[in-house]
Amino acid sequence: MRKEVSNKNYYLAEIDYKTQTAYSNSTERWSWDIYITATDNNEYIGRASAPGKGIEVPWTKLMTADYLQEMMEKCEEHMDAS
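Per numbering that gives the first Met the number 0, the sequence shown starts with residue 0, numbered consecutively.
Here it is in structure tokens:
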């Protein structure tokens, strides 16, 4: 069963990813599509995807009051893991 959520916010975030090797430092800017919504229980959840990178952050329960910052941190974690 699929449920439609009416209170959904969309953000486009650009996050700089810094890589460091023994010979150089570089910065690459990643674009992320971030969605944040409230459930029927007034819990906030978020998901994100990096178009062109094939990386997604699945729907995740958000715990802090700054939902967008929390999602951006989760995106950065996925960038480090890639």
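Each residue gets a CB set at the ideal place from its N, CA and C atoms; glycine is no exception.
Computed from a prediction, not measured in an experiment: that's the story for all the values here.
Taking C-alpha atoms, which residue in the options lies nearest to residue i?
i: Y9; options: E75, E72, A80, Y66; result: Y66
i: Q68; options: T26, I35, E55; result: I35
i: M78; options: I33, L61, K52; result: K52
So, at 6 Å on beta carbons, what are the nonlocal neighbours of residue i in its own chain, with the 5 sequence-adjacent residues on each side left out?
i: A49; result: W29, W31
For residue i and residue j, I'd like the C-alpha separation in whole angstroms.
i: I14; j: N40; result: 31 Å
i: A37; j: Y43; result: 4 Å
i: S23; j: C74; result: 24 Å
i: T59; j: Q19; result: 30 Å
For residue i, verify whether its CB is less than 8 Å away from any heavy atom of the ligand SAH.
i: M71; result: As presented, the structure is devoid of all ligands, the ligand SAH included, so that no description of it is given.
How far does the beta strand (DSSP E) with residue i in it extend, from its first residue to its last?
i: T21; result: The residue you asked about is not Thr; residue 21 is Ala in the sequence shown. Segment: none, A21 is in no beta strand (DSSP E) and carries neither H nor E.
Would you mind reading off the limits of the alpha helix (DSSP H) that contains residue i?
i: E72; result: 66–80
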